[in-house]
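Peer 1: Dropping the structure in here first, questions after.
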């Protein structure tokens, strides 16, 4: 054992913390959130006790590991909301969310999972849904977004985008870009002179903490 | 050990074969194709030797387990092609493929995976792609399918549909139905009088055994 000065101890602690967060991000991204904490400690080359001292629960570790991504998702929604053209704001947000998700699958798993004890995550999800709902409402008011598109469709899109696989990260991002463009087309209202579109089936994905907004959706065919 | 008559032996063999196929379908559907053959034998309550006697390779087992689904997929495409209205045929095929996939995720894993030694699977995939390409070509000729939709988009749709999760099988199927309707909307050409649509980014998913059909796709924005 090497005797350390307090200053080095603090520096070591910070290094350990960063190493744990890096390992957690890498492991969550490739293997999802079911990976045991012990495995993350092993990859970070720290003992389990050290990991638990920094992050007493896996939820706290995940929330901290994905803090930057959570901010990026929120920014994508905020920038869409801030756009003076609501339909362009909607499109930009859809494109950025699909790309962010293509870049980091672990974060999507974190957002999708319930994580009941991670208050940060729950709060983040609720505020994201509120923002997404506002994004939809604003775009609908312009007449450019089809009136039967609902919040559930954005969630459906995010889940579906998560299913896209490709041989390289770059191909994965390019495929998600095309998928986002297809989804935007699906959401765009036909020009005023066009005949009314075929109604969509009833939305089927439930929004966490919200009764499905069936009033705005057209009945299934 | 119980002494058996030849007739009972044949009957036992048939029972074992059916039990193995049932177990394989169940295990592949929930856990994908990476499950060891030994685990399938355990679930089927037969010895590994019995399984290998019926199905010398996992590829042969998978091909046989999913023979009915392969037929259903091919039928979905054939019925789409047989429809006198090519655009309706395209829509029906998309709806049925999404629903078939929602009902059985294991089969999708089988279709997506390479399985180089399973000739049946490779032949099935090639003939499916040929049919899907014809479905797209016919629908484009009517002017109802956007000219920049390519075979890669159907593959992208199948992968994306595979990412949809729901709490029950019925909810999963309903969500896929809505997703199929959104994708059909994305593929539908605007009416003749409408302004030209915003071009899609270049297709990014590669079709197995085929050079991407970039000539028909519009350049990325």
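Residue numbers (the working numbering), protein chains in the order written: chain D, 334 to 554; chain Z, 334 to 554. Note that the Cβ used here is the ideal one computed from N, Cα and C, for glycine as well. Everything numeric in this text was worked out from a predicted model, so none of it was measured.
What's the C-alpha gap between residue 468/Z and residue 427/Z?
Peer 2: For the purposes of this step, residue 468/Z is identified with residue 135 of the second chain, where counting begins at 1. For the purposes of this step, residue 427/Z is identified with residue 94 of the second chain, where counting begins at 1. Between residue 468/Z and residue 427/Z, the C-alpha separation is close to 10 Å.
Peer 1: In this structure, what does DSSP give as the bridge partners for residue 487/D?
Peer 2: Numbered from its first residue, the first chain carries residue 487/D at position 154. Residue 487/D pairs with nothing; no bridge assigned.
Peer 1: Note down the Cα distance separating residue 508/D from residue 497/D, rounded to an integer number of angstroms.
Peer 2: Taking the first residue of the first chain as 1, we reach residue 508/D at position 175. Taking the first residue of the first chain as 1, we reach residue 497/D at position 164. So the alpha carbons of these two residues sit roughly 7 Å apart.
Peer 1: Going by DSSP, which residues form a beta bridge with residue 521/Z?
Peer 2: Taking the second chain and counting its residues from 1, one reaches residue 521/Z at position 188. Per DSSP, 478/Z.
Peer 1: On the DSSP letters alone, give me the boundaries of the alpha helix (DSSP H) that residue 409/Z sits inside.
Peer 2: For the purposes of this step, residue 409/Z is taken as the residue at position 76 of the second chain. Element bounds for residue 409/Z: 400 to 415.
Peer 1: In whole angstroms, give me the CA-to-CA distance for residue 409/Z and residue 429/Z.
Peer 2: Counted from its first residue, the second chain places residue 409/Z at position 76. Counted from its first residue, the second chain places residue 429/Z at position 96. Their Cα atoms are separated by approximately 6 Å.
Peer 1: Among 399/Z, 423/Z, 432/Z and 368/Z, whose alpha-carbon lies nearest the alpha-carbon of residue 476/Z?
Peer 2: Here the question's residue 476/Z lines up with position 143 in the second chain. Residue 423/Z is the option with its Cα nearest to residue 476/Z.
Peer 1: Going by alpha carbons, who is nearest to residue 511/D out of 431/D, 532/D and 522/D?
Peer 2: Along the first chain, one-based indexing puts residue 511/D at 178. It is 431/D whose Cα lies nearest to the Cα of residue 511/D.
Peer 1: Leaving aside the five residues before and after residue 368/D along the sequence, list all residues of the same chain whose C-beta is less than 6 Å from its C-beta, in chain order.
Peer 2: By one-based count along the first chain, residue 368/D stands at place 35. Around residue 368/D: 360.
Peer 1: What in chain D is Cβ-close to residue 422/Z, meaning under 7 Å?
Peer 2: The residue you call residue 422/Z lines up with position 89 of the second chain. Those do not exist, as residue 422/Z stays about 15 Å from chain D at its closest Cβ, beyond 7 Å.
Peer 1: Which word fits residue 525/Z, buried or exposed, when buried means at least 16 other C-beta atoms lie within 10 angstroms of its C-beta?
Peer 2: Within the second chain, residue 525/Z is the residue found at index 192, counting from 1. Label assigned to residue 525/Z: exposed.
Peer 1: Any C-beta of chain Z within less than 7 Å: which residues of the segment 507 to 527 of chain D qualify?
Peer 2: Here the close residues are 507, 508, 510, 511, 512, 514, 515, 516, 518, 519, 523, 524, 526 and 527.
Peer 1: Residue 536/D and residue 486/D look like a contact to me (Cβ under 8 Å); what is the Cβ gap, rounded to whole Å?
Peer 2: By 1-based counting over the first chain, the position of residue 536/D is 203. By 1-based counting over the first chain, the position of residue 486/D is 153. Going by Cβ atoms, the distance from residue 536/D to residue 486/D rounds to 7 Å, so yes, they are a contact pair.
Peer 1: Select from the segment 487 to 506 of chain Z all residues with a C-beta closer than 7 Å to any C-beta belonging to chain D, and list them in chain order.
Peer 2: If the cut-off is 7 Å between Cβ atoms, the segment 487 to 506 of chain Z has 489, 492, 493, 494, 495, 496, 497, 498, 499 and 504 near chain D.
Peer 1: Cβ of residue 425/D less than 7 Å from any chain Z Cβ?
Peer 2: Position 92 of the first chain holds residue 425/D. So no, residue 425/D is outside the interface.
Peer 1: Going straight from the alpha carbon of residue 471/Z to that of residue 493/D, what length do you get?
Peer 2: Here residue 471/Z is taken as the residue at index 138 of the second chain, counted from 1. Here residue 493/D is taken as the residue at index 160 of the first chain, counted from 1. Cα-Cα distance, rounded: 27 Å.
Peer 1: Closer than 8 Å is the cut-off here; do at least three beta carbon pairs connect the segment 399 to 408 of chain D with the segment 376 to 385 of chain D?
Peer 2: Counting Cβ pairs under 8 Å, fewer than three are found: no touch.
Peer 1: Between 371/Z, 372/Z and 433/Z, which has its C-alpha nearest residue 505/Z's C-alpha?
Peer 2: Translated into the one-based positions of the second chain, residue 505/Z becomes position 172. The option with the nearest alpha carbon to residue 505/Z is 433/Z.
Peer 1: Tell me the rounded alpha-carbon separation between residue 419/Z and residue 395/D.
Peer 2: In the second chain, counting from the first residue as 1, residue 419/Z sits at position 86. In the first chain, counting from the first residue as 1, residue 395/D sits at position 62. Going by the C-alpha atoms only, they are around 49 Å apart.
Peer 1: Taking only beta-carbon atoms, is residue 533/D less than 7 Å away from chain Z?
Peer 2: Residue numbering aside, residue 533/D sits at position 200 when the first chain is read from its first letter. Chain Z contact via Cβ: present.
Peer 1: Just the Cα atoms here: how many angstroms apart are residue 391/D and residue 399/D?
Peer 2: As a first step, residue 391/D is located in the first chain; it is residue number 58 there, counting from the start. As a first step, residue 399/D is located in the first chain; it is residue number 66 there, counting from the start. Going by the C-alpha atoms only, they are around 12 Å apart.
Peer 1: State the Cα-Cα distance for the pair residue 464/D and residue 473/Z, rounded to the nearest angstrom.
Peer 2: Walking along the first chain from the start, residue 464/D turns up at place 131. Walking along the second chain from the start, residue 473/Z turns up at place 140. Cα to Cα, residue 464/D sits roughly 38 Å from residue 473/Z.
Peer 1: Quick check: is the beta carbon of residue 536/D nearer than 7 Å to any beta carbon in chain Z?
Peer 2: Start at 1 with the first residue of the first chain, and residue 536/D comes out as number 203. Cβ-Cβ to chain Z under 7 Å: yes for residue 536/D.
Peer 1: Judging by CA-CA distance, which residue of 387/D, 372/D and 371/D is the nearest neighbour of residue 347/D?
Peer 2: Here residue 347/D refers to the residue found at position 14 of the first chain. When each option's Cα is compared against that of residue 347/D, the closest is 387/D.
Peer 1: Please state the DSSP three-state secondary structure of residue 463/D.
Peer 2: Sequence index remark: in the first chain, residue 463/D carries index 130 (1-based). Residue 463/D: helix per DSSP, three-state reduction.
Peer 1: Which residues mark the beginning and the end of the alpha helix (DSSP H) in which residue 373/Z is found?
Peer 2: Locating residue 373/Z in the second chain gives position 40, counting from the first residue. Counting along the chain, the alpha helix (DSSP H) containing residue 373/Z begins and ends at 370 to 377.
Peer 1: Should residue 458/D go down as buried or exposed, given a rule of 16 or more other Cβ atoms within 10 Å for buried?
Peer 2: If you number the first chain from 1, residue 458/D lands on position 125. Answer is buried; the Cβ neighbour count reaches 16.
Peer 1: Decide if residue 503/Z is buried, meaning its Cβ has at least 16 other Cβ atoms within 10 Å, or exposed.
Peer 2: On the second chain, residue 503/Z is found 170 positions in, with the first residue counted as 1. Looking at its Cβ environment, which holds fewer than 16 other Cβ atoms inside 10 Å, residue 503/Z is exposed.
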